[in-house]
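Positions 30 to 133 (our numbering) are the ones given, in order, by the sequence shown. In what follows, a single structure is set out as structure tokens and then discussed.
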Amino acid sequence: HTISFEIFPTGTVNEWSNILRFNTNDGDCTTQGDRSPGLWFYANTLKLYPRYGKDGDGIQNFDWGISDMTTQLTKFQWNKIDLVVQNQSANNDSVLLVFINGQF
Numbered sequence: 030h031t032i033s034f035e036i037f038p039t040g041t042v043n044e045w046s047n048i049l050r051f052n053t054n055d056g057d058c059t060t061q062g063d064r065s066p067g068l069w070f071y072a073n074t075l076k077l078y079p080r081y082g083k084d085g086d087g088i089q090n091f092d093w094g095i096s097d098m099t100t101q102l103t104k105f106q107w108n109k110i111d112l113v114v115q116n117q118s119a120n121n122d123s124v125l126l127v128f129i130n131g132q133f
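This is how it looks when you write it as structure tokens:
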């Protein structure tokens with residue numbers, strides 16, 4: 030599935046900043062169904078921190094896809110974000126692909 034939206038950042042904050050998070054429960058990051066997906070800004074930056082919780086262990090949250098993005102969003106400009114959850118047929122796992130303004 031794909032989640033697409035545009036965001037117009039006007040500045041940064043001194044702590045993690047949540048952009049969106051879909052859950053299948055009331056948890057934050059340690060239960061199956063948390064962060065399905067989730068997207069944050071790192072503190073003091075416009076750098077994205079995307080996460081997608083893996084099915085399985087209810088104690089650990091498995092994060093897939095991009096774990097260290099270096100591209101930051103552009104301040105005072107519309108930025109198009111596409112979060113694509115893609116199944117990998119070989120092992121039946123999923124990965125989270127993040128596109129910023131059409132670039133992977």
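Just so it is clear, CB atoms sit at the ideal spot from N, CA and C, and this is done for glycine as well. Remember, it's a predicted structure, so these values are computed and weren't measured experimentally.
Continuous beta strand (DSSP E) stretch holding residue i: start and end
{"i": "W69", "result": "67 to 70"}
{"i": "N73", "result": "Unbroken run through N73: none, as it is neither H nor E."}
Coil, strand or helix - residue i by DSSP
{"i": "V42", "result": "coil"}
{"i": "T31", "result": "strand"}
{"i": "L102", "result": "coil"}
{"i": "F37", "result": "coil"}
Local Cβ density within 10 Å of residue i, reported as buried at 16 or more and exposed below that
{"i": "I110", "result": "buried"}
{"i": "G67", "result": "buried"}
{"i": "I88", "result": "Note that I88 has pLDDT 33, beneath the 50 cutoff, so the model's placement of it is unreliable and no number is given."}
{"i": "L42", "result": "The sequence shown places Val at residue 42, rather than the Leu named in the question. That one is exposed."}
{"i": "V127", "result": "buried"}
Pairwise C-alpha distance: residue j and residue i
{"i": "F37", "j": "Q106", "result": "5 Å"}
{"i": "W69", "j": "T31", "result": "17 Å"}
{"i": "G131", "j": "K104", "result": "17 Å"}
{"i": "Y78", "j": "V113", "result": "14 Å"}
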